[in-house]
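A quick write-up on the structure given underneath.
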């Protein structure tokens, strides 16, 4: 029981942004094995958050909370943890083997870490039956039960305490039923709304005319303008010329007024497994440095998943935002278009093993066919003298672009 109490107390620190420990619980949240309630700031007595936790046989305790500003938080505790208080770490999570999400967590003590949970991730948590979390290379599996009523109860707790105060705190698990419409009146179905979010990726210029290559999935679903800018320069609006969803390629066109100091050349010679490569792009734009990021590795295989010969497998680390970026050989010529990484947490859920350094790039054969079909005057080059990685990165600044746009997702008004 001490661990569960510790979890609740420590998570309150994060929700209170470093203020005093919270007092509580006030009222109750009891859903399956989840227990909790409402909590206050000891120093002010003001309501701070609602939370509930549940222990697991593997020694982990999981906590879900929502603060008075409606922000969600996910906490992990284990008496075997040995963190330094205040240190930051990443936790990669996946729900039911779907796409992985990276959370940025803070250690609140040596046995407890917590991370802010984006609303869309909270929705995924609510619907999932299995969660796999990987921290520092160690996977933890959580069988999720009663999460839908749990989220409803925590939300109900925050709503009721903010409206009625702590003195009326009770059983927050009992969510008040919505009044039914009169039988002689038809209630129209709730309208679906759209939430706007931004997405970003990388592209690179392949002609003096301002043709830009990227992945199809970088621009697919964009609404409004697609913008691109070189490091340190103003953004320009780009036009989609053609796309190839099968090979995950897209071609954009810069305005006729745009000028570029240089553009990329495609390697005109075969490539071998074991050859060194350099990946350049803009991963986690808005979170990491706004400057381009450079990683190095080798060609691990001349084929991708299930022996797909359109792709190279590379060991150079790539992250969300690298998509569509250039992959260079050591002479600075293009040998591929970075397209993504293996869904690591899905593989963990399936096999129990953590895949390392398994990323992919589209080969230049597919790229050249795409550019030929789009009548792009690209250039090829024979590999000559090797360059330092710093020189390759310096040259790439002139034609490697950050791409960004807005997308919309349907949000069911009933949720």
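Residue numbers (our numbering): 40 to 454.
We put the beta carbon where it would ideally sit given N, CA and C, even for glycine.
Note that the structure is a prediction, hence the values are computed from the model and not measured.
- Message: Between residue 181 and residue 101, how many whole angstroms is the CB-CB distance? I'm expecting something under 8 Å.
- Response: At roughly 6 Å, the Cβ-Cβ gap stays under 8 Å, so residue 181 and residue 101 are in contact.
- Item | Contact under 9 Å by Cβ, residue 364 with residue 297 | no
- Message: Which residues does DSSP list as the beta-bridge partners of residue 336?
- Response: 316
- Span of the beta strand (DSSP E), counted from its first residue to its last, around residue 164: Element bounds for residue 164: not the beta strand (DSSP E) but the alpha helix (DSSP H), 158-166.
- Query: For residue 419, does the count of other Cβ atoms within 10 angstroms reach 16, so buried, or fall short, so exposed?
  - Reply: By the neighbour-count criterion, in which 16 or more other beta carbons inside 10 Å mark a residue as buried, residue 419 falls on the exposed side.
- Rank 257, 348 and 341 by C-alpha distance to the C-alpha of residue 1 and give the top, closest one. With the chain covering 40 to 454 only, the question about residue 1 has no answer from this structure.
- Query: Can you list, in chain order, the residues of its chain whose CB lies under 7 Å from that of residue 401, leaving out five sequence neighbours each side?
  - Reply: 286, 287, 288, 349, 350, 375, 376 and 378
- Query: Tell me, which residues are paired with residue 104 by DSSP?
  - Reply: 90 and 112
- Three-way DSSP call (helix, strand, coil) for residue 258 in this model: helix
- Under 9 Å between the Cβ atoms of residue 366 and residue 436? no
- Message: Whole angstroms are fine: how far does the CA of residue 63 sit from the CA of residue 89?
- Response: 10 Å
- Close-in-space but distant-in-sequence residues of the same chain around residue 219 (CB under 6 Å, 5 per side omitted): Low per-residue confidence applies at residue 219: pLDDT is 49, beneath 50, and the placement is therefore not dependable, though the value from the model is reported in the following sentence. Within the same chain, no Cβ atom closer than 6 Å to the Cβ of residue 219 is found once the five residues on either side in sequence are excluded.
- Helix, strand or coil: which one does DSSP assign to residue 436? Coil.
- Task: Would you check if there are 3 or more beta carbon pairs closer than 8 Å linking the segment 66-83 to the segment 173-189?
- Result: yes
- Task: Name the residue from 316, 324 and 347 whose alpha carbon lies nearest to the alpha carbon of residue 338.
- Result: 316
- Looking at residue 356 and residue 398, is the spacing between their C-beta atoms short of 9 Å? yes
- Alpha-carbon spacing of residue 432 relative to residue 333, whole angstroms: 7 Å
- Message: Going by C-alpha to C-alpha distance, which of 294, 139 and 246 sits closest to residue 267?
- Response: 294
- Message: Just to confirm before moving on: does the CB-CB distance between residue 361 and residue 240 stay below 9 Å?
- Response: It is a contact, given that the beta carbons lie within the stated cut-off.
- Query: With a CB to CB cut of under 7 Å and the five nearest residues on each side skipped, what residues in its chain are close to residue 209?
  - Reply: 66
- Task: For residue 65, name the three-state secondary structure that DSSP assigns.
- Result: If DSSP states are grouped into helix, strand and coil, residue 65 belongs with the strands.
- Query: Are the Cβ atoms of residue 153 and residue 114 separated by less than 9 Å?
  - Reply: yes
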